[in-house]
Every structure is written in structure tokens, then in C-alpha cells.
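Everything on this sheet refers to the single structure shown next.
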RNA sequence: UCCCCGGUAGCUCAGCCGGCAGAGCAGGUGGCUGUUAACCACCGUGUCGCAGGUUCGAGUCCUGCCCGGGGAGCCA
């Protein structure tokens with residue numbers, strides 16, 4: 177085969193000329209003297225048509241027996257054709273089978289979630305999963321572009337850590353040369369060290385929680401992007417989160433509108449409404465709204481999943497909740513100078529019941545107050561030695577937040593469960609594939 | 001950790017008041033020059049999650065266990 181190798185996404189540029197495609201057989205239909213082969217190559221899917229008179233008889237007969245997901249190299253002429261769902265077709269002159277695997281487990285009909293997750297390594301080949309993971313890629317790229325364009329430095333935090341960052345969550349422990357190490361639950365404390373060195377940083381990496389959460393919003397291993405900025409206050413933190421989300425959603429819509437509306441069947445209108453400004457309400461206002469909506473809850477209690485949805489449904493875009501009871505938040509949050517019962521935290525709740533996608537706030541910069549908060553929560557001060565150093569030399573007000581990548585992907589893609597937003601999900605019941 | 005639902009053919013499921021294990025799809029054979037989850041004809045398919053128990057007889061009823069799914073709490 178001497179014709180140029182092209183990818184499906186580029187075939188329009190080669191209309192009328194002969195090309196070679198290298199890919200896999202996605203589906204096959206036949207109508208006697210015509211075989212229709214749907215060829216996918218990772219960039220798209222194209223219908224290849226074999227007409228009995230155009231190719232040698234043994235090849236024509238063999239093409240009718242090709243199993244799903246056989247890897248193939250096809251040569252033919254690109255033709256515009258409205259009868260094809262893809263707009264273009266390939267009139268095949270030659271076809272070579274690289275490998276003809278038998279009995280691909282995932283057929284065109286429906287499968288259960290358990291079966292599909294068990295075959296996740298093969299499920300990735302389907303059109304819907306393909307759309308989701310490409311959008312995930314675009315979301316991650318948009319996030320990085322956002323921070324890179326604003327002078328942030330990427331600061332990779334360690335994954336193996338000596339102790340709990342916040343002293344709250346259950347962590348995975350691993351043997352570490354006679355000691356116990358823990359898989360990180362957040363890179364934030366390291367991000368704070370970075371902010372004091374570089375001014376503006378973001379930590380981006382996997383994080384781990386060993387809690388036995390079994391819900392559509394939880395994974396045991398998930399990715400967070402965590403900006404941290406020196407001299408930033410709470411209002412600036414809210415501005416940053418808001419601006420970032422508007423930019424990311426806009427960027428994804430610009431690139432993936434067709435996939436969102438098509439393969440994912442997700443309405444785009446709610447995404448188009450993600451514009452500045454986002455409503456900002458205090459925790460106290462949130463509690464009042466939730467109670468008024470017929471879901472009684474006490475001030476000081478956590479806003480649960482149902483309550484989050486009730487609240488988020490009152491707005492047409494993400495809503496920022498700020499100033500939480502200090503008892504609900506980790507030790508490092510700065511107290512509200514106007515009401516010490518409150519911590520200067522923020523949560524951003526995604527619309528449509530997707531819940532909390534951003535959590536963060538302003539940090540306590542005063543050494544004595546921070547030590548007192550550590551003591552008050554019964555945490556060992558010596559575990560935070562290096563962190564306290566940050567308050568000893570040139571401490572400044574600073575703030576940041578963490579964005580959960582998987583929840584953000586689930587929201588933008590309109591998915592029911594976060595397990596489809598990551599190539600290989602880790603949940604309480606699943607460690608493989 | 002707690003609550004709810006489920007496990008029957010390769011897949012998705014039905015199986016009533018306990019009485020021969022059954023559909024669709026996938027797979028195989030043949031047909032069809034425009035298929036879009038193609039269609040038409042024919043063909044095969046079982047440790048009914050596991051272990052006990054009740055019964056003349058258990059996929060079905062009872063007990064325990066295993067596995068999966070959904071939710072709560074906690075969190076992103």
C-alpha cells in the first residue's frame with residue numbers, strides 16, 4: 177500500500193483521492209453484494225464500502241466474516257456521500273487484516289454497568305466513552321491553560337505523605353521502609369508552601385480517600401487541581417473559581433458541542449448559562465433557603481446531598497456558598513474577623529444536582545491562631561512542623577481551592593455517575609481492570 | 001459502618017400459588033447492490049452465585065455466606 181496513511185478526522189481533505197486507513201472494525205452490515213464496514217481509528221469512525229466487483233472474490237467473502245474489533249488496514253477512495261451517517265465514505269480497493277480477534281465481549285446491544293466496568297479496558301473503545309474521555313482531556317487542558325496563562329507555576333505535590341493533611345479523612349496506608357506512609361488526600365498544604373515561594377501555583381494530581389463511600393459521586397482515587405495564591409483574600413478566591421469555571425465550560429462548549437448534544441445527549445443550554453457573575457450566598461443564607469424550601473436543617477449541620485440539590489436548583493448557574501461554621505471545616509481555615517464562629521471557606525455547587533465541585537477558602541496566616549486550631553482539633557503539632565514554618569517567615573494572607581476533575585466532567589457531560597469520567601475508576605468495590 | 005435492590009445461556013432479561021429451563025440479542029449457515037442497533041430463513045446454547053435446610057419434588061420457600069448495583073454518613 178503506497179497511498180498516504182490518513183486519520184478519519186482528516187478524510188475530508190482527501191476527497192476524491194486514494195488513502196489508507198488504519199484502525200479497527202467497529203461494526204459491520206451487509207447487503208449481499210455490498211459490505212458496509214464501520215472503521216474507527218481513534219479520531220473518528222468512517223464507513224468503508226466494499227462492492228463485490230471492486231475487490232478479489234476471496235477478499236470480498238472474507239470481509240463478510242470479519243469479527244467486531246478486528247484490526248484492519250484499508251485502502252480506498254474517499255467519497256462524499258449523504259447516505260452515510262459520517263458524511264464521507266471510503267470505496268474500498270484493498271483490505272488487510274492485522275489481527276482478527278474472535279468474540280469481542282461488548283456488542284452493540286445493551287450491557288449492565290457491572291459487566292461494562294469489568295471490561296472497562298474494552299469499553300473505552302465505544303463512541304460514548306470516547307466522547308467522555310476526550311472531553312475530560314479538554315477540561316484538563318482548559319484548566320491548565322487557564323492557570324498557565326495567568327502566571328501560575330505548576331507545583332507537583334508528593335503522593336506519599338507522612339500524615340493526614342487535614343486529620344479528618346480515612347487514608348490509605350502503605351509500608352515505607354519501616355514507617356507508614358499515606359497516600360495524599362490533598363496537595364493543598366504543599367501548595368501553600370509553593371504559594372509562598374512562587375506567589376501563584378497550582379497542584380494537579382491524583383488524590384486518595386479510603387472512606388467507604390458508595391455513591392455516584394465518589395471514587396477512592398480521583399484528580400484534583402488546586403490553585404493557591406499568596407495575598408489573595410476570600411473574595412478574590414471566589415473570583416478565581418468563578419472565572420476559571422466560566423472559561424473551562426466555554427472552552428469545552430466551543431470544542432465539543434456536537435459530542436455533548438450528540439453522543440452524550442446532554443442539553444447544552446444549562447452550560448451556556450454558565451456566565452459571570454455566579455450567585456454568592458453565605459452558609460447561613462443557604463440554610464435559610466433550604467429550610468424555606470421544605471427541608472428543615474439546623475445551623476451548623478452539613479449540607480447533605482439532597483440539600484445541595486435543593487439549593488442548586490434555585491439558581492440557573494453554579495452557586496458559591498461561603499462562610500461556613502468553623503466547626504465543619506479543617507483547622508487551616510481562617511476565621512471570619514467579623515464573626516469568629518465562621519470559617520472563610522467557599523464551596524461551589526454545580527447546577528442540576530451535581531453537587532460540590534469546588535471547595536476551598538482563605539487560610540489562617542497567623543502562627544499562634546493556627547497552632548491553637550491544631551490543638552483544638554486534637555491534632556499533633558509536631559506533624560505540621562514544616563507547615564507552621566510557613567507562618568514563621570514571611571507569612572501573608574493567602575487562599576486557594578480544589579476542583580474535583582471527575583465531578584466536573586460528570587457535570588459538563590451530564591453523566592449519572594463519576595465512574596465513567598476516568599479511564600479506570602477505583603471504587604470501594606473495584607480495583608481492576 | 002448502615003439501609004435498599006439484584007445474581008437464571010456469551011450479553012440483557014422473563015420464569016405466576018413449588019411440578020419438563022426460555023425469549024431477544026450476540027454466535028453459526030444460507031439469502032439480499034445502500035445498510036444505519038439492517039432485514040429474511042434455519043441452527044446450537046445452562047454448575048439457575050455458593051453451602052445447608054424444608055418438601056414426593058426447589059430457579060421458585062427458609063437460613064447463612066459470597067459477589068455486584070444504588071443510597072446514607074463523609075467528602076471533591
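In the numbering used here, the protein residues as written are 177 to 609. All residues carry an ideal CB built from backbone N, CA and C; glycine is no exception.
Could you spell out the range, first to last residue, of the beta strand (DSSP E) harbouring residue 456? 456–458
Would you tell me roughly how many angstroms separate the C-alpha atoms of residue 365 and residue 225, rounded to the nearest one? 58 Å
Would you check if the stretch 404–417 and the stretch 571–586 touch, i.e. whether three or more CB-CB distances between them fall below 8 Å? yes
Measure the C-alpha to C-alpha separation of residue 373 and residue 496 and round it to an integer number of angstroms. 29 Å
Just the Cα atoms here: how many angstroms apart are residue 392 and residue 533? 14 Å
Counting beta carbon pairs with one atom in the stretch 521–528 and one in the stretch 549–556, are three or more of them shorter than 8 Å? no
Which residue wins for smallest C-alpha separation from residue 566, given the options 459, 370, 522? 370
Identify whether residue 362 lies in helix, strand or coil by the three-state DSSP scheme. coil
Using the Cα positions of residue 292 and residue 543, report the straight-line distance between them to the nearest angstrom. 51 Å
If residue 522 and residue 409 are in contact, beta carbons under 8 Å, what's the gap, nearest whole angstrom? Not really, about 11 Å apart at Cβ, beyond 8 Å.
Buried or exposed (CB count within 10 angstroms, at least 16 for buried), residue 251: buried
Expected contact under 8 Å - CB spacing of residue 299 and residue 311 to nearest Å: That belief does not hold up - the Cβ atoms of residue 299 and residue 311 are roughly 16 Å apart, past 8 Å.
Below 8 Å on the Cβ atoms is my guess for residue 273 versus residue 191; work out the distance and round it to an integer in Å. Residue 273 to residue 191, Cβ: 26 Å. No contact.
What three-state label does DSSP hand residue 490 in the structure shown? coil
So residue 398 and residue 582 are supposed to be a Cβ contact under 8 Å. How far apart are they, rounded? 5 Å
Selection from 227, 297, 606, 360 that minimises the alpha carbon distance to residue 332: 360
If you reduce the DSSP assignment to three classes, tell me which class residue 562 lands in. helix
Quick check on residue 231: buried or exposed, where buried means 16 or more other Cβ atoms within 10 Å of its Cβ? buried
Distance, Cα to Cα, residue 223 vs residue 217? 12 Å
I'd like to know if the stretch 434–444 and the stretch 305–323 are in contact, where contact means that at least 3 CB-CB pairs between them fall below 8 Å. yes
Do the stretch 197–216 and the stretch 240–250 make contact, defined as three or more Cβ pairs closer than 8 Å? yes
Check the C-beta distance from residue 507 over to residue 518 and give it rounded, since I have them as a contact under 8 Å. Not quite, the Cβ-Cβ distance comes to about 15 Å (not below 8 Å), so this is no contact.
Classify residue 511 as helix, strand or coil using the three-state DSSP reduction. strand
To the nearest angstrom, how far is the alpha carbon of residue 387 from that of residue 603? 10 Å
From what residue to what residue does the beta strand (DSSP E) around residue 604 run? Segment: none, residue 604 is in no beta strand (DSSP E) and carries neither H nor E.
Helix, strand or coil: how does DSSP classify residue 209 here? coil
Same chain, Cβ closer than 6 Å to residue 205, neighbours up to 5 away in sequence not counted: 212
Is DSSP giving residue 190 helix, strand or coil here? helix
Mind listing, in chain order, the continuous beta strand (DSSP E) runs of no fewer than 3 residues lying wholly within the stretch 322–409? 349–352, 355–359, 376–384, 397–406
Quick one: measure Cβ to Cβ for residue 429 and residue 448, integer angstroms, because I've assumed they're closer than 8 Å. 7 Å
Proximity winner among 389, 242, 541, relative to residue 564 (alpha-carbon distances): 541
Could you compute how far the alpha carbon of residue 609 sits from the alpha carbon of residue 286? 20 Å
Tell whether a beta-carbon distance below 9 Å holds between residue 357 and residue 338. yes
Run through the DSSP bridge pairs and tell me what residue 200 is partnered with. 216, 247
Look up residue 419 in the DSSP assignment and say whether it is helix, strand or coil. helix
On the criterion of 16 or more Cβ atoms from any shown chain inside 10 Å, does residue 297 qualify as buried, or is it exposed? exposed
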